[in-house]
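Q:
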Amino acid sequence: MKMKVGQLNNLTEEKLMEWLKSYLDFGEIVNDDFPSKGASSWYPYGYALIKNILKLASNILIKNAGFQEIVLPSFVHGEDFMKECRHIKDFSEHVYWSPLYKEDDLHVVTPTIEAQLGSLYARWLRDSKALPYKYFTIRSVARYITGRTIPLRKNRDLWPLKLISITQSNKRQSL
Amino acid sequence: MKHKGSKKKKLGIPLDYPLPNLYYFSGNLLRKISRQLTKLTSVLNEAGFQECHFPFLVPRSVLLNYKDLVSLSNYIKVYSGKDRRSYAYLRPDGIFSQGVILAGKIIKSYRDLPLRLFEMSPGYAKTRNQSKWNVFTSPEQSFSLQCGIFTEDDNAENYGRRLLSTILKKFSIKYTTAETKFLKGRNVQYVTKINDNEVIIAKYYIFGREAAKRANIYFFDKKGRLAFPYMCALSLSQNILLLNILDNKK
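Protein chains in written order, with the working numbering: chain A, 195 to 369; chain B, 49 to 298.
Structure follows, in structure tokens:
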């Protein structure tokens with residue numbers, strides 16, 4: 195789909211997405227032709243590009259702001275997730291559930307990190323680990339999107355997602 | 049394998065998580081692991097491998113192509129809150145089910161071969177429904193390395209063998225190899241011994257042209273004829289990284 199730079203402003207959203215998809219594939223950045231809806235794989239050139247960007251961003255966070263990286267598992271326990279679910283309407287319908295250990299004991303494939311970090315922080319506070327907690331993670335998240343999916347923007351299997359969390363003893367410091 | 053408490057304290061990071069048999073990594077341990085990962089990537093880059101990324105969810109239809117090669121009961125099912133009937137699987141491996149789809153997009157002619165892809169990053173993981181769990185075999189492995197080698201002739205095995213031996217030499221790990229039959233192919237395992245337990249640290253599968261035919265990967269050779277590439281899949285588990293760190297090897 196060839197077009198000039200000035201033409202991009204006049205495009206409808208549908209045509210713009212078509213253009214984006216074709217150029218991501220043509221430039222060997224992201225392959226959106228994966229058999230499952232809303233999941234895309236990264237070509238070697240695209241991966242090298244995004245890896246350098248992520249490295250730069252995490253170096254700034256570590257050196258300038260004193261953050262630490264954390265790698266969390268892909269599952270949240272159903273009970274922990276339901277605590278977060280109270281604040282967002284119908285969130286439980288838009289995530290992936292899994293019977294990891296038993297059929298009755300359901301787990302959720304992480305849609306965000308809040309539920310995971312909440313359970314970890316509660317444990318650390320009980321063990322009197324000193325505040326503040328400054329962590330970030332780069333990970334893939336799974337959300338069941340029923341509408342149209344867009345690569346890099348609105349996917350069922352979204353990667354990379356950089357999530358940053360700060361926990362302070364008072365509201366003023368955390369802001 | 050159970051670790052002594054003193055080694056846990058030395059690292060200063062608990063290897064546990066509120067969920068049973070799943071672990072989180074942070075601080076000193078994660079820094080040590082990332083140092084090992086950069087060491088690994090340098091070896092792979094020297095050997096001509098390219099890093100890429102595959103999605104986390106695998107549709108059932110993709111894995112059904114390989115149902116005579118693998119048992120689906122080992123894989124973890126996921127379904128959405130709205131629709132319980134149509135379920136997918138969480139990724140059991142990188143190259144075997146998904147890498148071939150990407151390779152099919154890249155390989156068009158004999159000039160694109162040999163193609164060497166790998167995937168290794170702490171941000172995403174490989175999951176399996178493991179029957180026995182400990183630090184070395186958890187249902188989720190965050191630092192697993194998956195490689196796929198596609199060649200024109202049957203050199204794929206040589207590439208794989210050479211790469212694994214250089215990696216294990218670099219990490220100074222003693223190992224023995226064991227060969228098993230893998231339905232229509234072969235499976236070579238690299239085994240090491242830790243306190244009376246034998247742990248598989250690496251392995252490679254030789255698929256020949258079987259996997260490429262199933263995934264419909266083809267190319268045109270020098271004479272313009274249609275041909276299928278040979279494929280070898282390689283995997284190195286996170287055991288090797290944890291082993292190195294917990295034993296305080298340099």
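Think of the CB as a built atom: it goes at the ideal place given N, C-alpha and C, for glycine as much as any other residue. From a predicted model like this one, the values you see are computed outputs, not experimental measurements.
1) Verify whether the separation of the beta carbon atoms of Ile249/B and Leu284/B is less than 8 Å.
2) Identify which residue in Pro140/B, Ile124/B, Tyr238/B and Gly196/B has its Cα closest to the Cα of Phe255/B.
3) Can you tell me whether Asn225/A is buried or exposed? The criterion is at least 16 other CB atoms within 10 Å of its CB, across all chains shown.
4) List the residues of chain B that Asn146/A touches, going by C-beta distances under 7 Å, in chain order.
5) Anything in chain A within Cβ reach of Gln146/B, meaning under 7 Å, just list it in chain order.
6) Shorter than 8 Å from the beta carbon of Arg317/A to some beta carbon of chain B?
7) Can you check whether the CB of Thr225/B is closer than 8 Å to the CB of Tyr238/B?
8) Just to confirm, are Phe230/B and Tyr207/B a CB contact at a threshold of 8 Å?
9) Establish whether the CB of Phe104/B and some CB of chain A are separated by less than 8 Å.
10) Within its chain, find whatever has a CB closer than 8 Å to the CB of Lys251/B; leave out the 5 residues flanking it on each side and keep chain order.
11) Using a Cβ-Cβ cut-off of less than 7 Å, list which residues of the region 109-133 of chain B approach chain A; keep chain order.
12) Once you ignore the five residues that flank His271/A on each side, which residues in its own chain have a CB closer than 7 Å to its CB?
13) Whose C-beta lies closer than 7 Å to the C-beta of Asp351/A among residues of the same chain, with five residues either side of it excluded?
14) Can you tell me whether Met279/B is buried or exposed, with buried defined as 16 or more other CB within 10 angstroms of its CB?
15) Taking contact to mean at least 3 C-beta pairs separated by less than 8 Å, is the region 282-290 of chain A in contact with the region 245-255 of chain A?
16) Quick check on Val303/A: does DSSP put it in helix, strand or coil?
17) Is DSSP giving Val148/B helix, strand or coil here?
18) Under 8 Å between C-beta atoms, does Thr175/B make it to chain A?
19) Quick one, which residues of the region 247-269 of chain A are near chain B if we go by CB-CB under 8 Å, in chain order?
20) Take the Cβ of Gly341/A as the centre, count every other Cβ of all protein chains shown within 10 Å, and call the residue buried at 16 or more, exposed below.
21) Looking at chain B, which residues of the region 310-337 of chain A have a Cβ within less than 9 Å of any of its Cβ atoms?
22) What is the rounded straight-line gap between the Cα of Glu278/A and the Cα of Ile81/B?
23) Which of helix, strand or coil does DSSP assign to Asp351/A?
24) Classify Asn245/B: buried if its beta carbon has 16 or more other beta carbons within 10 angstroms, exposed otherwise.
25) With Glu227/B as the anchor, note down where its beta strand (DSSP E) starts and where it stops.
26) Where do the N-terminal and C-terminal ends of the alpha helix (DSSP H) with Cys279/A fall, by residue?
27) Please list the residues of the region 187-214 of chain B that have a C-beta atom closer than 8 Å to any C-beta atom in chain A, keeping them in chain order.
28) For Asn349/A, is the classification buried or exposed, using 16 other Cβ atoms within 10 angstroms of its Cβ as the cut-off for buried?
29) According to a CB-to-CB cut-off of less than 8 Å, which residues of the region 343-360 of chain A neighbour chain B?
30) Using a Cβ cut-off of 9 Å, pull out every chain A residue sitting near Gly75/B, in sequence order please.
31) What's the C-alpha gap between Lys50/B and Phe268/B?
32) So for Asn204/A, helix, strand or coil by DSSP?
33) Please classify Lys174/B as buried or exposed, where buried requires at least 16 other C-beta atoms within 10 Å of its C-beta.
34) Kindly list, in the order they appear in chain A, the residues whose Cβ is closer than 7 Å to that of Ala136/B.
35) Let me know if Gln362/A comes out buried or exposed under the rule of 16 or more other beta-carbons within 10 Å of its beta-carbon.
36) I'd like to know whether the C-beta atoms of Tyr290/A and Ser121/B end up nearer to each other than 8 Å.
A: Here's the rundown:
1) Here residue 249/B is taken as the residue at index 201 of the second sequence, counted from 1. Here residue 284/B is taken as the residue at index 236 of the second sequence, counted from 1. Yes, they are a contact pair.
2) For the purposes of this step, residue 255/B is identified with residue 207 of the second sequence, where counting begins at 1. Ranking the options by Cα distance to Phe255/B, first place goes to Gly196/B.
3) Start at 1 with the first residue of the first sequence, and residue 225/A comes out as number 31. Buried, by the Cβ-count rule.
4) Chain A is shown only over 195 to 369; residue 146/A falls outside these bounds and no answer can be derived.
5) For the purposes of this step, residue 146/B is taken as the residue at position 98 of the second sequence. Simply Ser235.
6) Residue mapping note: residue 317/A aligns to position 123 of the first sequence, counting from 1. Yes, contact with chain B.
7) Residue numbering aside, residue 238/B sits at position 190 when the second sequence is read from its first letter. Residue numbering aside, residue 225/B sits at position 177 when the second sequence is read from its first letter. Yes, they are a contact pair.
8) As a working note, residue 230/B is residue 182 in the second sequence. As a working note, residue 207/B is residue 159 in the second sequence. Cβ atoms of Phe230/B and Tyr207/B: not closer than 8 Å.
9) Position 56 of the second sequence, counting from 1, holds the residue named residue 104/B. Yes, Phe104/B lies at the interface with chain A (some Cβ there is under 8 Å from its Cβ).
10) For the purposes of this step, residue 251/B is taken as the residue at position 203 of the second sequence. Cβ neighbours of Lys251/B beyond the five flanking positions: Asn235, Val236, Gln237, Tyr238, Leu282 and Ser283.
11) Ser109, Val110, Ile124, Lys125, Val126, Tyr127, Ser128, Gly129 and Lys130
12) Working through the first sequence from its first residue, we reach residue 271/A at position 77. Answer for His271/A: His301, listed in chain order.
13) Translated into the one-based positions of the first sequence, residue 351/A becomes position 157. Correct list, in chain order: Gly232, Ala233, Ser334 and Ala336.
14) Sequence index remark: in the second sequence, residue 279/B carries index 231 (1-based). Buried, since its Cβ has 16 or more Cβ neighbours within 10 Å.
15) no
16) For this step, residue 303/A is matched to residue 109 along the first sequence. Correct three-state label for Val303/A: strand.
17) Taking the second sequence and counting its residues from 1, the one referred to as residue 148/B is at position 100. Three-state result, Val148/B: helix.
18) For the purposes of this step, residue 175/B is identified with residue 127 of the second sequence, where counting begins at 1. Yes, Thr175/B lies at the interface with chain A (some Cβ there is under 8 Å from its Cβ).
19) Gln262, Glu263, Ile264, Val265, Leu266, Pro267, Ser268 and Phe269
20) Stepping through the first sequence from its first residue, residue 341/A is reached at position 147. Counting Cβ neighbours within 10 Å, Gly341/A comes out exposed, since fewer than 16 surround it.
21) Gln310, Ser313, Leu314, Ala316, Arg317, Tyr329, Thr331, Ile332, Arg333, Ser334, Val335 and Ala336
22) What you label residue 278/A is simply residue 84 of the first sequence in a count that begins at 1. What you label residue 81/B is simply residue 33 of the second sequence in a count that begins at 1. Roughly 31 Å between the two C-alpha positions.
23) Reading the first sequence from its first residue, position 157 is the one you call residue 351/A. Strand at Asp351/A.
24) Taking the first residue of the second sequence as 1, we reach residue 245/B at position 197. Counting Cβ neighbours within 10 Å, Asn245/B comes out exposed, since fewer than 16 surround it.
25) What you label residue 227/B is simply residue 179 of the second sequence in a count that begins at 1. Where Glu227/B is concerned, the enclosing beta strand (DSSP E) stretches over Thr224 to Phe230.
26) Translated into the one-based positions of the first sequence, residue 279/A becomes position 85. It spans Gly272 to Cys279 - the alpha helix (DSSP H) in which Cys279/A sits, taken as one unbroken run.
27) Pro187, Glu188 and Ser190
28) Taking the first residue of the first sequence as 1, we reach residue 349/A at position 155. Label assigned to Asn349/A: buried.
29) Arg350, Asp351, Trp353 and Pro354
30) On the second sequence, residue 75/B is found 27 positions in, with the first residue counted as 1. Result: Gln262, Glu263 and Ile264.
31) Here the question's residue 50/B lines up with position 2 in the second sequence. Here the question's residue 268/B lines up with position 220 in the second sequence. Residue placement at Lys50/B cannot be trusted, given a pLDDT of 46 that sits under 50; what the coordinates show is reported in the next sentence. Roughly 52 Å between the two C-alpha positions.
32) Reading the first sequence from its first residue, position 10 is the one you call residue 204/A. The answer is helix: DSSP assigns Asn204/A an H, G or I state.
33) Numbered from its first residue, the second sequence carries residue 174/B at position 126. That one is buried.
34) If you number the second sequence from 1, residue 136/B lands on position 88. Within 7 Å Cβ-Cβ: Ser230.
35) The residue you call residue 362/A lines up with position 168 of the first sequence. Exposed.
36) Residue mapping note: residue 290/A aligns to position 96 of the first sequence, counting from 1. Residue mapping note: residue 121/B aligns to position 73 of the second sequence, counting from 1. No, Cβ-Cβ distance for Tyr290/A and Ser121/B is not below 8 Å.
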